[in-house]
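Contents: one structure, followed by commentary.
Residue numbers (our numbering): 10 to 388.
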């Protein structure tokens, strides 16, 4: 059966449509896929986010100065966004696979590639959320889930954050607590195959609740669409590329390249984008357009809390959330107070360097716990 090739324009437009359908959290953010980063210092551009206005009131039939209309200027928020990530997936396809195995290139190759890029964008958006300095961090009591979301709503209202375009994204643990709450209103999911649509589980306290596996189970955020920005830029088509196209659609950008390695008789398909993220602070430097929510007591523990290792020896630190679930393999980070005495890896493995002591600090979702390490001489 002969292979059917389609135009690069058709492929990249199809890929962008798939990407728009597959992403969940980025679809809830302020997107920009058209910004001109070319020649920008450190790959940074400034984007404008809509400002907020407060209505004025005057009395009917007023006279003199009380009758005059006062004007206000819209103070848009300028946010610098730097492209930091090259999110891509490359797939080799042999002549044999292309001739004998692959029936539909779009379904079997392009779709999984785009889905992988969507997950990469999602993970970047989550890291942006985690890095923000929140004015309000609310702890969710499983027996009072509705009350917690009411408190989050009040926090946004008190800062005059617009009611429209608000949303909430939560991990599986908070999702479970919500589903068990009698005040929760289920959503009708019929009639759409959009990943965002499928991720919507319903409403609580006026918030549309979206669940994402990119978040930890006890992690969540309530926010306005303009609280976070994701900018994408399609990389340029190299002069040596035999087949490729860059395009932007729905404030997303992507590049697709396809070439042939004749020495290994293999096609190569590369899909990717450059991406950058930022959170939007007010003129006074505060970040108030979002509220972080956490399930439980909002604390973590480490095991062990004290340990002794010999020079050259190792010990493993395990971080647990307040539900007792290990998080060392997820998003915990570790630092040593004195790396000349003891070092720690990004997985929590402590190695004795020299006789003395050091404190290892584990951080998870802005919560910290410590382990006291004593390093002794090897026998």
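All C-beta atoms in this analysis are idealised placements derived from N, C-alpha and C, irrespective of residue type, glycine included.
For residue i, which residues from the same chain have a beta carbon less than 7 Å from its beta carbon, with the 5 sequence-adjacent residues on both sides left out?
i, result
"residue 250", "266, 268"
"residue 122", "98, 100, 278, 280"
"residue 310", "329, 378"
"residue 143", "296, 299, 300, 301"
"residue 193", "187, 211, 213"
"residue 139", "374"
"residue 308", "331, 376"
"residue 155", "190, 192, 213, 214"
"residue 27", "120, 123"
"residue 223", "34, 131, 132, 135"
"residue 270", "277"
"residue 317", "383, 385"
For residue i, which three-state DSSP category applies?
i, result
"residue 160", "helix"
"residue 207", "helix"
"residue 95", "strand"
"residue 89", "strand"
"residue 65", "coil"
"residue 41", "strand"
"residue 317", "strand"
"residue 200", "The predicted position of residue 200 is uncertain, since its pLDDT is 49 and thus under 50; a value taken from the coordinates is nonetheless stated next. Note: residue 200 maps to coil in three-state DSSP."
"residue 151", "helix"
"residue 175", "strand"
"residue 26", "helix"
"residue 249", "coil"
"residue 2", "This structure cannot speak to residue 2, because the chain is shown only from 10 to 388."
"residue 304", "strand"
"residue 166", "helix"
"residue 35", "helix"
"residue 47", "Bear in mind that the predicted position of residue 47 carries a pLDDT of just 46, short of 50, making it unreliable; the figure below should be weighed with that in mind. Three-state result, residue 47: coil."
If I follow the unbroken alpha helix (DSSP H) through residue i, where does it start and stop?
i, result
"residue 121", "120-140"
"residue 182", "181-188"
For residue i, which of the options has the nearest alpha-carbon?
i, options, result
"residue 24", "334, 253, 330, 300", "253"
"residue 345", "375, 319, 382", "382"
"residue 186", "286, 151, 357", "151"
"residue 168", "247, 293, 26", "293"
"residue 348", "341, 333, 342, 369", "369"
"residue 358", "322, 145, 218, 388", "322"
"residue 286", "69, 72, 92, 67", "92"
"residue 171", "96, 72, 64, 248", "64"
"residue 127", "317, 283, 270, 316", "283"
"residue 96", "262, 304, 371", "262"
"residue 94", "129, 78, 305", "129"
"residue 228", "264, 195, 184", "184"
Apart from the five residues just before and just after residue i, which ones in its own chain have a Cβ nearer than 8 Å to its Cβ?
i, result
"residue 221", "33, 34, 131, 135, 178, 179, 180, 208"
"residue 216", "158, 161, 162, 175, 176, 177, 231"
"residue 350", "361, 362, 363, 364, 365, 366, 367, 382, 384"
"residue 118", "100, 102, 111, 278"
"residue 41", "56, 90, 238, 239, 240, 241, 260"
"residue 386", "319, 320, 364"
"residue 234", "37, 38, 39, 174, 175, 176"
"residue 388", "319"
Counting along the chain, where does the beta strand (DSSP E) carrying residue i start and finish?
i, result
"residue 284", "275-288"
"residue 312", "310-312"
"residue 230", "228-233"
"residue 266", "261-270"
"residue 72", "Taken as a continuous stretch (DSSP letters only), residue 72 belongs to no beta strand (DSSP E), as it is neither H nor E."
"residue 143", "Element bounds for residue 143: n/a, residue is neither H nor E."
"residue 216", "216-220"
"residue 325", "323-325"
"residue 333", "Where residue 333 is concerned, there is no enclosing beta strand (DSSP E), given that its DSSP letter is neither H nor E."
"residue 358", "358-361"
"residue 365", "365-373"
"residue 377", "376-385"
"residue 352", "351-353"
"residue 345", "342-345"
Residues in its own chain within less than 6 Å of residue i by CB, not counting five upstream and five downstream?
i, result
"residue 157", "147, 149"
"residue 335", "327, 329"
"residue 237", "38, 137, 288"
"residue 47", "Confidence at residue 47 is low in this model, with a pLDDT of 46, below 50, so its placement is unreliable and the value that follows should be read with caution. Nothing listed; no residue qualifies."
"residue 67", "none"
"residue 219", "178, 208, 209"
"residue 226", "180, 181, 182"
"residue 341", "328, 371, 373"
"residue 324", "316, 318, 359"
"residue 165", "none"
"residue 1", "Past the boundaries of the shown model lies residue 1; the chain is included only from 10 to 388, so the question cannot be answered."
Does the beta carbon of residue i come closer than 8 Å to any beta carbon on chain B?
i, result
"residue 165", "This model lacks chain B altogether; it includes just one protein chain."
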